[in-house]
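Take 166 as the starting number for the sequence shown in my numbering and just add one per residue.
No residue lacks a Cβ here, since even glycine has one placed at the ideal position from N, Cα and C.
Because the structure is a prediction, the values reported are computed rather than measured.
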Amino acid sequence: MELLALLPPFVVAVLLISASPGPAMILIFRQAALRGWRAAVPTVLGLEAGLYLWALAAGAGLAALVAASEVAFVVLRLVGAVFLVYLGIKAWRTVWRTRTRTRPGVTPADAEASITPPVSRGGWWTAFGEGTLVMLANPKAAFFMIAFYPQFVPASRPLFATTALLAAVQVLIETAFYLSLAAVVGRTGAWFRRPRIRRRVDAVSGGVLVALGLRLATTTR
């Protein structure tokens, strides 16, 4: 009963966290806008897999060790920063490819097909891996898990099992929220995939990811 009483504020907190802007939102928006709802699915699942692993680490006390270790903090911070910058540059490179494939003589349909190919099995796992790594290589996630979950774990409940349960609830809520967002964005995909609009989306999202990476690189405890 004590845990059930804590669920409503937990759900509200999760929804507020999910709606906050950050790398996760940028990745999901870009995938849904430029490649459709299905392309956003592996990104969402990868992000949530990373979140759940951090939650389990928090329940087992490993996240606290990571947060307390200066070396682990710096390594995660740099890995996460480099990867975000890489994703941003990758988006910028797409802008240049778009320019070359929309030159005279190339039809809009051919250009769009070459720039936004269907999601292959390899592409699915790449997007999943990107989402997972973005979440795992973020030392702020360790601090967040340590501070967030204990507030909703009653003293009479086992820490690890309760944290795992709450994390599963969070994953379900965030997955539904992000996939709903991706569905809404994906419905306007034809507009976003216009060459000029796509270049702007890639340029802006790439800039935001690079900025987030640089910000993470300079983050202190």
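Which residue marks the beginning of the alpha helix (DSSP H) containing residue i, and which one marks its end?
i	result
residue 205	202-224
residue 325	324-351
residue 231	227-233
residue 358	Counting along the chain, residue 358 falls outside any alpha helix (DSSP H), and DSSP gives it neither H nor E.
residue 317	From DSSP, residue 317 is part of no alpha helix (DSSP H); its letter is neither H nor E.
residue 184	167-184
Indicate whether residue i and residue j have their beta-carbon atoms separated by less than 8 Å.
i	j	result
residue 336	residue 217	yes
residue 195	residue 232	no
residue 245	residue 170	no
residue 379	residue 188	no
residue 167	residue 323	no
residue 288	residue 212	no
Alpha carbon to alpha carbon, what distance is there between residue j and residue i?
i	j	result
residue 206	residue 221	23 Å
residue 332	residue 383	29 Å
residue 184	residue 381	20 Å
residue 314	residue 328	6 Å
residue 307	residue 360	39 Å
residue 321	residue 225	17 Å
residue 277	residue 365	Residue confidence for residue 277 is low, a pLDDT of 49 falling below 50, so the modelled location carries little weight; the figure read from the coordinates is stated next. For residue 277 and residue 365, the distance between alpha carbons rounds to 15 Å.
residue 377	residue 247	10 Å
residue 293	residue 215	10 Å
residue 175	residue 317	7 Å
residue 191	residue 172	28 Å
residue 305	residue 346	24 Å
residue 228	residue 193	26 Å
residue 338	residue 235	33 Å
Three-pair Cβ contact test at 8 Å for the stretch 238-254 versus the stretch 364-377: yes
At least 3 beta-carbon pairs within less than 8 Å: the stretch 196-211 vs the stretch 343-356: yes
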